[in-house]
Each structure stands twice: as structure tokens, then as C-alpha cells.
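First up is the structure itself, then whatever we jot down about it.
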Amino acid sequence: MSVLINNMQDVVKLEDSFLAKLANLGEKILRSEKYEGVEASIIFVDDHYIKALNQKYRHIEQPTDVLAFPLRDELSISEGEKLLGDVYISLERAQEQAREYGHSLEREVAFLMTHGLLHLLGYDHHTQAEEKQMRCKQEQILLAYDLGRLK
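Converting from the sequence shown to this note's numbering requires adding 31 to each position, the first position being numbered 1.
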């Protein structure tokens with residue numbers, strides 16, 4: 032089981048130690064959800080890149096903070112390594128949102144990664160009930176790793 036981090040942007044600097052912490056957090060999320068033997072990619076991009084993805088796949092012509100692309104509708108984890116999907120995060124959006132919400136960039140990036148991974152695992156927020164469940168799950172995970180709000 033692994034979470035691969037790929038930094039494809041050079042606008043926002045993240046320390047290698049934080050990238051390792053993110054990969055570890057991602058692996059713990061997958062393990063806690065009983066997804067052993069899977070691989071997910073977290074890809075850091077700039078606003079220009081994520082805007083192009085958002086336009087192509089969601090027909091929205093503006094940057095967004097996070098996009099998740101599951102590679103399977105139903106994941107069979109019975110044998111071998113399986114690709115779960117890709118999560119794209121705009122570090123420019125993350126930096127702006129961290130300032131807006133008054134917490135650290137690290138907390139915002141961890142939140143966005145957690146949000147994206149939960150989407151890959153089948154969580155969604157189409158209804159109020161789903162949104163509440165997903166928000167609670169995200170906050171629970173972040174608090175467990177000392178990345179709760181106001182940090």
C-alpha cells in the first residue's frame with residue numbers, strides 16, 4: 032500500500048519532511064478504511080494546470096482546490112497492488128485558502144489530500160447527509176494527526 036506524492040509545480044514550496052508526513056497520513060487513511068494493497072497518487076499542480084483539468088472534466092473554466100479521479104467504480108482488493116486513483120491539488124489555491132481560513136498551509140494541504148482520498152474511497156457530498164458524513168470523517172482524521180482547525 033502506498034501513497035505517491037508528485038510535485039509538478041514550482042510556485043509554492045513544501046518541505047520534504049512535510050511531503051513524507053503527507054504520504055504517511057495518506058497510507059494511514061487507506062489502512063483505516065480497510066484498503067490494503069492499493070496505491071494512490073497525490074499530484075501537486077499550479078492554478079493553470081488544475082484550471083485546464085477542471086475545464087476538461089467538469090466544464091468549469093476556473094481553478095479549483097482539489098480534483099479526484101478514481102480509476103475504478105468498485106475496487107476489488109483481494110489480490111495484489113491496485114491503483115485507486117489520482118488526486119490533484121492546486122497549491123496556489125491551498126495557500127490562498129489557508130490565509131482565508133486562518134490556518135497553516137500544511138493543515139490546508141492535508142485537508143485537501145484527505146478530501147481527495149475520501150472521494151477515491153467512495154465518499155461524496157451530493158446530499159447534505161453525505162456532506163456531513165464526509166466533513167466529520169475529514170475532521171476526525173485531521174484531529175487524530177494534530178492537523179485540526181486553527182493550526
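Glycine included, each C-beta is placed from N, C-alpha and C at the ideal position.
Given that a residue counts as buried once 16 or more other Cβ atoms are within 10 Å of its Cβ, and exposed if not, what is Gly116? Here Gly116 is buried: its Cβ has 16 or more other Cβ atoms, across all protein chains shown, within 10 Å.
State the start and end residues of the unbroken beta strand (DSSP E) segment that holds Glu64. Looking at the DSSP string, Glu64 is not in any beta strand (DSSP E), and its letter there is neither H nor E.
Secondary structure at Lys44, three-state DSSP: helix, strand or coil? In the structure shown, Lys44 sits in coil (DSSP, three-state: anything other than H, G, I, E or B).
Shortest alpha-carbon distance to Leu56 belongs to which of Ser33, Ile81, Glu161 and Leu102? Taking each of Ser33, Ile81, Glu161 and Leu102 in turn and checking the Cα distance to Leu56, the smallest one comes out for Ser33.
For Ala71, which residues does DSSP report across the bridge? According to DSSP, residue pairing for Ala71 in a beta bridge involves Val34 and Gly116.
Taking the straight line between their C-alpha atoms, what separation do you get for Leu149 and Met165? In this structure, the straight-line span from the alpha carbon of Leu149 to that of Met165 is close to 8 Å.
Determine the contact status of Leu53 and Ile81, defining contact as a CB-CB distance below 8 Å. No.
With Tyr119 and Ile91 assumed to form a contact (beta carbons below 8 Å), what rounded beta-carbon distance in angstroms separates them? Actually they do not touch by this definition, with Cβ atoms about 14 Å apart.
Which two residues bound the contiguous alpha helix (DSSP H) that contains Leu102? Looking at the DSSP string, Leu102 is not in any alpha helix (DSSP H), and its letter there is neither H nor E.
Residue range of the alpha helix (DSSP H) that Leu172 falls in? Going by the sequence as given, residue 172 is Ile instead of Leu. For Ile172, the enclosing alpha helix (DSSP H) starts and ends at Gln159 to Ala175.
Mind checking whether Glu137 and Gln128 have CB atoms under 8 Å apart? Against a cut-off of 8 Å, the Cβ pair of Gln128 and Glu137 comes out as no contact.
Kindly list the residues whose CB is nearer than 7 Å to the CB of Phe142, restricted to its own chain and excluding five residues on each side of it in sequence; keep chain order. Around Phe142: Gln169 and Leu173.
For His146, I'd like the list of residues in its chain whose CB is within less than 7 Å of its CB, leaving aside the five on either flank, ordered along the chain. In its chain, beyond the 5 residues on either side, Val97 and Gln169 have a beta carbon closer than 7 Å to the beta carbon of His146.
Integer-rounded CB distance, given that Leu151 should sit under 8 Å from Ala99: That pair is a contact at about 5 Å.
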